[in-house]
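See structure below.
Number of protein chains: 2
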Amino acid sequence: MKGKITSLQVAARAGVSQSAVSRVFSGASASAATAEKVRQAAAELGYRPNVLARSLITGRSRIIGLVVAYLDNPFYPDALERLSRALQARGYHILIFMAGNDAAEVDQLMNELLDYQADGIITASVGVSPGLVQRCEAANIPVVMFNRGQEGTSLAQVTSDNLAGGRRVAEFLLAGGHRRIAHVSGWQGSSTGRDRTTGFLQELARQNAECVGQIDGMYRRDDAAEAARRLMAQAAPDAIFVGNDHMAFAVMDVLRAELALDVPGDVSVVGYDDVPMAGWPAYDLTTVRQPVGQMVEATLDALLGAIEGRTVPPVTRVDGPLIVRGSARVPEGWQ
Amino acid sequence: MKGKITSLQVAARAGVSQSAVSRVFSGASASAATAEKVRQAAAELGYRPNVLARSLITGRSRIIGLVVAYLDNPFYPDALERLSRALQARGYHILIFMAGNDAAEVDQLMNELLDYQADGIITASVGVSPGLVQRCEAANIPVVMFNRGQEGTSLAQVTSDNLAGGRRVAEFLLAGGHRRIAHVSGWQGSSTGRDRTTGFLQELARQNAECVGQIDGMYRRDDAAEAARRLMAQAAPDAIFVGNDHMAFAVMDVLRAELALDVPGDVSVVGYDDVPMAGWPAYDLTTVRQPVGQMVEATLDALLGAIEGRTVPPVTRVDGPLIVRGSARVPEGWQ
DNA sequence: CTGAAAGCGCTTACAG
DNA sequence: CTGAAAGCGCTTACAG
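Residue numbers (the working numbering), protein chains in the order written: chain A, 1 to 335; chain B, 336 to 670.
Here you go:
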């Protein structure tokens, strides 16, 4: 082991000053001759600049913090992969923090992220406490909330139009002739879950229909399965709107495998997200698409824009269509 | 925005030296009185130590690099979440790098990881070039290959016993009376894929059975689906061993939805990994379990052990049982 | 263009 | 226990 190679050693070997080495590697001006000598010596020694030392001076770590709560819901690995690849291409990298639904834990993690001098932070489906918002503002670290909104905060937010999406599901199910419609909601502690539910109930009410039963699925598979069992036993619905696809799969499993019901013959199921699996024939799930590509783009635009000092839109809401597949009865003449 | 708070400002406010502040936050000895004054001042100013500056001196960044190729296969998000939570609990965090199957790209990413002064590197299902191995050794950065082996390298490796697993599948299918057995292999450029295939073919040969067709699925859903179509058309197998669950789902979808075949009535399907979805009733997939919890533990033991200067086992192979479910005919009297 | 020097925000011997 | 000082490996004005 030769230990760490520093710019000083490269300088000695190249017969130039340490600052010359630095200039060559930081892209500052240097004569072709110097650059050549430095590159040569660096290659021989296997030198690469220490990013940490550089960050200390420049004040840019090129680290983006990501706080995420769910990786079992395939929507998030998908988003993570896209975010990571796009950031990588721009010379940034993601430092990942797994959080629970616990606000105190999220605060703790965000603090650690600030300790690492992250240039920016993306929170995926987690809330941020007012205290932390303040700290990030004081430290001048931009934060973008991905797939989650928050009232009265200055943080940038990127979501799909969950209110409209919820409404669309109600329209579709009512048009399909369903009259006993139930709801396994997404966690009502999240804006996303609340908005989908609100839009859904609003449209039902507007058409003088009611929701025959609603249980929170907490975005968890097990809770959603249990919710489906109870809903079927108590309310005998002919359609269920589930707050996301990840839970909808669990609901369909209960309906078909446990209760031997036909979907959509006996019960229609509609989800939310349109994760890749929703299109697989085993589920063939009718669902509202969250355009993850567009959401990722908007997140990056907001984050990198803010890092580079540009003014960015505080709220981006991308629209997502209802994707009609086979898990819910299709209304006659549905366009 | 008050800008960055440094230890110097805390020192001034607390009426102590900057070194005293440092001692309090780095856990070195300090009198109770000093510690109290420092904590007080730090809290008032919202001070937190700059991890980058600390790392520059200690030579420990508390960053673990993770290079991963597939996030659409749920095996990896699962592993990532476990790795991340466990490392978090120990004060480390994961800097994530998405790679393709391309060796040059992996090299490039690993170099960037070294630039960040990562304390250790985990490669999940990607190979490492000899040059990079050398660089990591020179820099004294431990590397653990997760779910991938490599001949003639000094890097630590954690896999399941893929040879034994492949054999087990052949035994099971033969015991079930299958005589036209085909194989959609995992990418043969990976040790994991090769070993599963080798074990499988060895056991077939040992029992004087042959594989009626083998096509590489490249660990990709689309390739696996296409492989299934061609295999069915060309070899009319009555059983297919698929190199991982992620591809097995695609194969089952083709069999059932496109070809209207019954699984396992017409064709038995066996996968590899036992990802959570394999247990869902929609697939109910018979598969060889890769005990991801044990693999993660072994990875962490090897990595943190090496970081702390302990000698660690170069190769860990955990054993995984065949999980018998409903996608493959069960031999009479199978225990 | 280039080198000497200051400094980023810390930790850590070294004296006292 | 505590402070003054050196130094981690860089970048970046500042002179020349």
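C-beta atoms are modelled at their ideal positions from N, C-alpha and C, and glycine is treated no differently.
Check	Outcome
List the residues of chain B whose Cβ lies closer than 8 angstroms to the Cβ of Arg135(A), in chain order.	Gly381
So Ser55(A) contacts chain B; which residues on that side make the cut at Cβ distance below 8 angstroms?	Leu387
Tell me whether Trp280(A) is buried or exposed, calling it buried when 16 or more other Cβ atoms sit within 10 Å of its Cβ.	buried
If I follow the unbroken beta strand (DSSP E) through Gln214(A), where does it start and stop?	Cys211 to Asp216
Within this structure, are the beta carbons of Gly400(B) and Ile340(B) separated by less than 8 angstroms?	no
If you follow the alpha helix (DSSP H) that Ile122(A) is in, where does it begin and where does it stop?	No alpha helix (DSSP H) contains Ile122(A), which is instead part of the beta strand (DSSP E) from Gly120 to Ala124.
Measure the beta-carbon distance from Val263(A) to Leu255(A) and round it to whole angstroms, keeping in mind my assumption that it falls under 8 angstroms.	6 angstroms
By the 9 angstroms beta-carbon criterion, what residues does the segment 610-639 of chain B contribute toward chain A?	Pro611, Met612, Trp615, Pro616, Ala617, Tyr618 and Asp619
List, in order along the chain, the chain B residues whose C-beta lies closer than 7 angstroms to that of Ala257(A)?	Pro616
Gly466(B) and Asp442(B): beta carbons closer than 8 angstroms?	yes
Is there a Cβ from chain B that is less than 8 angstroms from the Cβ of Gln18(A)?	no
What residues from chain A crowd round Pro477(B), counting only those whose CB sits closer than 7 angstroms?	Within 7 angstroms Cβ-Cβ: nothing; Pro477(B) doesn't reach chain A, min ~12 angstroms.
So which residues of chain B does Asn111(A) contact, with C-beta pairs closer than 7 angstroms?	Arg383
Of all the residues that make up the segment 410-432 of chain B, which are near chain A by a beta-carbon distance shorter than 8 angstroms?	Tyr411, Pro412, Asp413, Leu415, Glu416, Ser419, Arg420, Gln423, His428, Ile429, Leu430, Ile431 and Phe432
Identify the contact partners of Ser61(A) in chain B, using a Cβ-Cβ distance below 8 angstroms as the criterion.	Leu387
Leaving aside the five residues before and after Gln353(B) along the sequence, list all residues of the same chain whose C-beta is less than 7 angstroms from its C-beta, in chain order.	Ser342, Leu343 and Ala346
Helix, strand or coil, according to DSSP, for His246(A) in the structure here?	helix
So with CB distances below 8 angstroms, who are the chain B contacts of Asp115(A)?	Arg383, Pro384, Asn385 and Val386
Please classify Pro142(A) as buried or exposed, where buried requires at least 16 neighbouring CB atoms within 10 angstroms.	buried
Spell out whether any CB of chain A is found under 8 angstroms from the CB atom of Met336(B).	Here Met336(B) scores only 35 on pLDDT, less than 50, and its place in the model is too uncertain to base an answer on.
Can you name the residues that DSSP bridges to Arg289(A)?	Asp273(A)
Under 8 angstroms between C-beta atoms, does Leu406(B) make it to chain A?	yes
So is Ile575(B) buried or exposed if we call it buried at 16+ other beta carbons inside 10 Å?	buried
Just checking: is the beta-carbon of Asp253(A) within a distance shorter than 8 angstroms of some beta-carbon in chain B?	yes
With DSSP run on the structure shown, which of helix, strand or coil describes Ser662(B)?	coil
Cβ closer than 8 angstroms: which chain A residues qualify as neighbours of Phe584(B)?	Trp280 and Ala282
State whether the segment 244-254 of chain A contacts the segment 304-322 of chain A, with contact taken as three or more CB pairs (one from each stretch) at a distance under 8 angstroms.	no
Could you pull out every unbroken alpha helix (DSSP H) segment of at least 4 residues lying fully inside the segment 126-152 of chain A, listed in chain order?	130-139
Compute the distance between the beta-carbons of Leu387(B) and Ser55(A), then report whether it is under 8 angstroms.	yes
For a contact meaning CB atoms closer than 9 angstroms, what does Ala11(A) contact in chain B?	Here the premise fails: no neighbours, minimum Cβ distance about 19 angstroms.
Kindly indicate which residue of Val547(B), Val479(B) and Asp654(B) has the alpha-carbon position closest to the one of Gly500(B).	Asp654(B)
Within a Cβ cutoff of 7 angstroms, which residues of the same chain sit near Met336(B), ignoring the five residues on either side of it in sequence?	Low confidence applies here, because Met336(B) scores a pLDDT of 35, under 50, leaving its location unreliable and the question unanswered by this model.
Are any of the Cβ atoms in chain A nearer than 8 angstroms to that of Ala473(B)?	yes
Here's a check: name, in chain order, each residue in its chain whose Cβ is nearer than 6 angstroms to the Cβ of Gln188(A), leaving out the five neighbours to either side.	Arg194 and Asp216
Is it buried or exposed for Gln542(B), if we count other Cβ within 10 angstroms and need 16 for buried?	exposed
Would the segment 435-454 of chain B count as touching the segment 414-423 of chain B if we require 3 or more Cβ pairs under 8 angstroms?	no
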